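Asker:
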Amino acid sequence: MNVQNSVDLSNSTKAPSDWWRGGVIYQIYPRSFQDSNGDGIGDLKGITQRLDYIASLGVDAIWISPFFKSPMKDFGYDVSDYRDVDPMFGSLEDFQVLLGQAHAKGLKVMIDLVLSHTSDQHPWFTESRASTDNPKSDWYVWADPKPDGTPPNNWLSIFGGSAWQWDPRRLQYYLHNFLTSQPDLNFHCERVQDALLDVARFWLEMGVDGFRLDTINFYFHDKQLRDNPALPVEERNASIAPAVNPYNHQNHLYSKSQPENIAFLERLRALTNEYEGRACLGEVGDAQRGLEIMGEYTSGDARMHMCYAFEFLEKRALTAAYAKQVFDQLQAKAGDAWPCWAFSNHDVQRHASRWDLSDAAARQHAVLMMCLRGSACLYQGEELGLPEADVPFERLQDPYGVEFWPEFKGRDGCRTPMVWATQAEQSGFSTGEPWLPVSAEQSERAVDRMEADDQSMLHHYRRAIALRQAHPALAAGAQSEMEQVGPVLVFRRENAREEVFCAFNLGREVGQVDLPAGSWQAIGEDIGSVTGEGCVTLQPAEFCLMRRDKG
131 MNVQNSVDLS NSTKAPSDWW RGGVIYQIYP RSFQDSNGDG IGDLKGITQR LDYIASLGVD
191 AIWISPFFKS PMKDFGYDVS DYRDVDPMFG SLEDFQVLLG QAHAKGLKVM IDLVLSHTSD
251 QHPWFTESRA STDNPKSDWY VWADPKPDGT PPNNWLSIFG GSAWQWDPRR LQYYLHNFLT
311 SQPDLNFHCE RVQDALLDVA RFWLEMGVDG FRLDTINFYF HDKQLRDNPA LPVEERNASI
371 APAVNPYNHQ NHLYSKSQPE NIAFLERLRA LTNEYEGRAC LGEVGDAQRG LEIMGEYTSG
431 DARMHMCYAF EFLEKRALTA AYAKQVFDQL QAKAGDAWPC WAFSNHDVQR HASRWDLSDA
491 AARQHAVLMM CLRGSACLYQ GEELGLPEAD VPFERLQDPY GVEFWPEFKG RDGCRTPMVW
551 ATQAEQSGFS TGEPWLPVSA EQSERAVDRM EADDQSMLHH YRRAIALRQA HPALAAGAQS
611 EMEQVGPVLV FRRENAREEV FCAFNLGREV GQVDLPAGSW QAIGEDIGSV TGEGCVTLQP
671 AEFCLMRRDK G
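The sequence shown begins at 131 in the numbering used here and counts up one residue at a time.
The following block contains the structure:
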């Protein structure tokens, strides 16, 4: 068997400090998870109220999207105070209670650090924009206009238009890779790095178990501010930005993913290493080099623990051929990388709708996620099989969607409130009018209805996660090179004690696969694994899991 590079944990249990390796992380978008005070916006106390539910899933950790003080132009991803909680979410004391109770239930807590940019209302930016010679004048990316008054170069913002905004105070442009209200920090200034590391230390001292690092490859820009070259049409894809966005027309060679980033990531890793059992998960936003950058950023023990790219977050269906292509590229470009896979998150259409999955296919994909080498991120409501919600234009909150409507409807459809009780007011999310409408279609899949049915999607996810937790080879073992047998994806996972054979029919026609010779035992029958001997026939959305001891 051609085994891809992996840390092979031969013991039946991982060291406590390695909880992240092969761990299952549950992402919470706090605005939409649970409202505890009736204002229509989810909060930290609401998360605390639902910790028993989260723990019942069997996940290892939660990742909470930003809850810091913010003017909420980008719903918390525009931070105005890194060391405090926005009042709409509660208080620092509320977070400390959440942290303590989560730990008591065996859940790790990761928080979302947005380090590449701040809000334009952050005190750092207020000072920086005041003059060209104040102590923080170089904390953001400032540049003079061209002689004709136009921006310094051709860089584009992901949210549309130029990545440069004119500031009449300094008579200069400042860089913003996202909204104009999200100025980019200047990581070439070491004092900026030091200040951000102090932010990380603040939360580590409080006891968080790690960080999800937003837009990790956007930290540094090219000092010379060189123009990005055009990207050939055949190389464009819509994995990072929608196809209607001209951002896809450039090869972002100079506006992100700069080599200087490695040294800062090593400083951040060294800081987290001072605290036992902490982990860093980086988001790599790059449509062409995502897997390669993932490899660079997780190589060895001095950089990030894990990263995720967007290969399984795009529109393209997860077929056997595509899964093999992704893992072959991962092996070729980043064999030592530790990936973290996600099918859905707060920025993309929910995968049940994006890939037009039947209920059976959604169940199969859940099992596949638990069998892939790497860690796994589940997005709130994914365990219910929630489809994308349809949010009318007049209720849109996301500026991204407003800008590119109707060809791109934004991110609100995956951010609608969590559905807890089918018959309750606002499906149990809030007693007030929610910030986004509760989806009637999603409410039919509310937690209370799923809990009452032992064969529901929710119980299926619990069993799939339990399968991963029960078999160390699935959580952190090596993985063979993937094979495509017609519509069937075939691979093996193994450690020193066991080997697991995995076959998934990801196509729309019947497939057949030969079972390996030897003494194998069927596993996963309670989640739908097909059993047999010799040659197994797999209908669309069926899968087969077998294991054997290695002595």
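We treat Cβ as the ideally placed atom computed from N, Cα and C, and that holds for glycine.
Every value quoted in this text rests on a predicted model; they were computed, and no experiment measured them.
#1: Please list the terminal residues of the continuous alpha helix (DSSP H) segment that includes N403.
#2: Which one of D344, Q556, A633 and V577 has the shortest CA to CA distance from P567?
#3: Tell me the DSSP secondary structure of F332 in three-state form.
#4: Use the C-beta contact count for D528: other C-beta atoms within 10 angstroms, 16 or more gives buried, fewer gives exposed.
#5: In three-state DSSP terms, what is V137?
#6: Quick one: give me the first and last residue of the alpha helix (DSSP H) that A506 is part of.
#7: Just reading off the beta strand (DSSP E) that E555 is part of, what are its end residues?
#8: Which runs of the beta strand (DSSP E) at least 3 residues long sit entirely within the region 337-370? Give them in chain order.
#9: Given this structure, state the Cα-to-Cα distance separating I241 from D656, to the nearest angstrom.
#10: With a 10 Å radius around its C-beta and 16 neighbouring C-beta atoms as the bar for buried, classify K386 as buried or exposed.
#11: If you count every other CB in all the chains shown that lies within 10 Å of the CB of P298, and 16 or more means buried, which is it?
#12: Which residue marks the beginning of the alpha helix (DSSP H) containing R161, and which one marks its end?
#13: Please report the distance separating the alpha-carbon of S140 from that of R627.
#14: Could you give the distance in angstroms between the alpha-carbon of I423 and the alpha-carbon of G415?
#15: Which residues mark the beginning and the end of the alpha helix (DSSP H) in which P533 is found?
#16: Given a cut-off of 9 Å, decide if A482 and E518 are closer than it, judged by their beta-carbon atoms.
#17: Give me whichever residues DSSP pairs with L636 in a beta bridge.
#18: Would you call the region 209-221 and the region 595-614 in contact, with 3 or more CB pairs under 8 Å?
#19: Does DSSP put V388 in a helix, in a strand, or in coil?
#20: Evaluate the contact criterion for the region 321-341 versus the region 271-287: three or more CB pairs, one atom per stretch, below 8 Å.
#21: Using 10 angstroms around the beta-carbon of P389, count the other beta-carbons present and answer buried if the total reaches 16, otherwise exposed.
#22: For the alpha helix (DSSP H) containing G420, name the first residue and the last one.
#23: Out of Q479, E513, V497 and R598, which one is the CA nearest neighbour of C544?
#24: Among residues of its own chain, excluding the 5 on either side of Q302, which ones have a beta-carbon nearer than 7 Å to its beta-carbon?
#25: Does DSSP put Y609 in a helix, a strand or coil?
#26: Buried or exposed: K235, going by 16 or more other Cβ atoms within 10 Å of its Cβ?
#27: How should C665 be labelled, buried or exposed, when 16 other C-beta atoms within 10 angstroms of its C-beta is the threshold for buried?
#28: For C674, list the residues DSSP reports as bridge partners.
#29: Considering T256, what are the terminal residues of the alpha helix (DSSP H) in which it resides?
#30: Roughly how many angstroms separate the alpha carbons of L181 and D486, rounded to a whole number?
#31: If you follow the beta strand (DSSP E) that Y303 is part of, which residue opens it and which one closes it?
#32: The alpha helix (DSSP H) that contains Q599, what's its start and end?
#33: I'd like to check one pair, T546 with S162: are the Cβ atoms closer than 9 Å?
#34: Can you tell me where the alpha helix (DSSP H) holding L229 begins and where it ends?
#35: So, for R399: in the same chain, excluding its five sequence neighbours on each side, which residues have a beta-carbon less than 7 Å away from its beta-carbon?
#36: What does a CB cutoff of less than 6 Å around V310 pick up in its chain, not counting 5 residues either side in sequence?
Answerer: So, to answer that:
#1: Where N403 is concerned, the enclosing alpha helix (DSSP H) starts and stops at N391 to N403.
#2: Sorting D344, Q556, A633 and V577 by C-alpha distance to the C-alpha of P567 places Q556 at the top.
#3: Helix at F332.
#4: Buried: at least 16 other Cβ atoms inside 10 Å.
#5: Note on V137: pLDDT 39, under 50, position unreliable in the model; the coordinate value appears next. The three-state secondary structure of V137, taken from DSSP, is coil.
#6: In this chain, A506 is not harboured by any alpha helix (DSSP H); it is covered by the beta strand (DSSP E) spanning S505 to Y509.
#7: For E555, no beta strand (DSSP E) encloses it, and the DSSP letter there is neither H nor E.
#8: Within the region 337-370, the complete beta strand (DSSP E) runs of at least 3 residues are 340-343.
#9: Going from the Cα of I241 to the Cα of D656 covers about 34 Å.
#10: It counts as buried.
#11: Of the residues assessed, P298 falls on the exposed side of the cut-off, its CB having fewer than 16 other CB atoms within 10 angstroms.
#12: For R161, there is no enclosing alpha helix (DSSP H), as DSSP marks it with neither H nor E.
#13: Legend: pLDDT at S140 = 36, less than 50; position of this residue unreliable, no value from coordinates given.
#14: If you draw a straight line from the Cα of I423 to the Cα of G415, it comes to about 9 Å.
#15: Inspection of the sequence shows that residue 533 is occupied by Glu rather than by Pro. DSSP places E533 in the uninterrupted alpha helix (DSSP H) bounded by P529 to F534.
#16: Yes.
#17: Here L636 is not bridged, per DSSP, to any residue.
#18: With the cut-off at 8 Å, the region 209-221 and the region 595-614 do not touch.
#19: Going by the sequence as given, residue 388 is Gln instead of Val. Coil at Q388, not helix or strand.
#20: Touching, no.
#21: Its Cβ having fewer than 16 others within 10 Å, P389 is exposed.
#22: Residues G420 to T428.
#23: Residue nearest to C544 within the set Q479, E513, V497 and R598 is Q479 (criterion: CA-CA distance).
#24: Closer than 7 Å at the Cβ level, and outside the excluded window around Q302, lie W272, A273 and D274.
#25: Correcting the residue type first, residue 609 is Gln in the shown sequence and not Tyr. Strand, per DSSP.
#26: Under a 10 Å Cβ-count criterion, K235 is classified as exposed, with fewer than 16 other Cβ atoms of the shown protein chains found around its own Cβ.
#27: Under this definition C665 is an exposed residue.
#28: A633, per the DSSP bridge assignment.
#29: P253 to S258 is the span of the alpha helix (DSSP H), which, as asked, contains T256.
#30: Separation of L181 and D486 (C-alpha to C-alpha, rounded to the nearest whole angstrom) is 31 Å.
#31: Segment Q302 to L305, the beta strand (DSSP E) holding Y303.
#32: From DSSP, the alpha helix (DSSP H) with Q599 extends over M587 to A600.
#33: The answer is yes: Cβ separation under 9 Å.
#34: For L229, the enclosing alpha helix (DSSP H) begins and ends at L222 to A234.
#35: Only C410, A432, R433 and M434 meet the Cβ criterion.
#36: What sits at residue 310 in the sequence shown is Thr, not Val. Correct list, in chain order: Q295.
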